[in-house]
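S.K.: Numbering (mature numbering (1 follows the signal peptide of the UniProt record, and there is no 0)), first residue to last: -26 to -1, 1 to 114.
What follows is a single structure, and I will ask about it in a moment.
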């Protein structure tokens, strides 16, 4: 009988020990490091940056009249979303007529402000407009 009692005590002690080794931890698990959400506008902002360089080269070079400036910006506009899309659309709406006249005085300043507004929207959205180009006066 003593042997049976020892076995029962040993079994009870084993059960208590195993109950303390449950699968759930005593403290909540540490959160795992997650990457920042990717902006839906990454491609649009990269395209926008490339377009500003293309347009800048066109209007300061010899092929300004050959470049369809609104169509160039349309490449980024079609894939943009939210504030980025709104600001690209505002830039296109604010282009002078004819568009290649963005190099002249007030047009140049307004265009550059619109480009910077799009770049800020891209940055706020977690995307990068890359090496976007604004226009400055030749004597600056």
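We put the CB at the ideal spot given by N, CA and C, even for glycine.
Remember, predicted model here, so these are calculated numbers, not experimental data.
Buried or exposed for residue 93, please, with buried defined as at least 16 other CB atoms from any protein chain shown within 10 angstroms of its CB.
M.R.: That one is buried.
S.K.: Can you say whether residue -12 is buried or exposed, counting buried as having 16 or more other CB atoms within 10 angstroms of its CB?
M.R.: Caution applies to residue -12, whose pLDDT of 47 falls short of 50 and renders its modelled position unreliable; the model cannot decide the point.
S.K.: Please report how far the alpha carbon of residue 27 lies from the alpha carbon of residue 109, in whole angstroms.
M.R.: Spanning the two alpha carbons is a distance of roughly 10 Å.
S.K.: Does DSSP put residue 89 in a helix, in a strand, or in coil?
M.R.: Here residue 89 sits in helix by DSSP.
S.K.: First and last residue of the alpha helix (DSSP H) that includes residue 65?
M.R.: Unbroken alpha helix (DSSP H) run through residue 65: 56 to 67.
S.K.: So, at 8 Å on beta carbons, what are the nonlocal neighbours of residue 113 in its own chain, with the 5 sequence-adjacent residues on each side left out?
M.R.: In this predicted model, residue 113 has a pLDDT of only 46, less than 50, meaning its place in the structure is not dependable; the value taken from the coordinates is given anyway. Correct list: empty, nothing qualifies.
S.K.: For residue 107, count the other beta carbons within 10 Å of its own beta carbon; 16 or more makes it buried, fewer makes it exposed. Which is it?
M.R.: Residue 107 is buried by the Cβ-count criterion.
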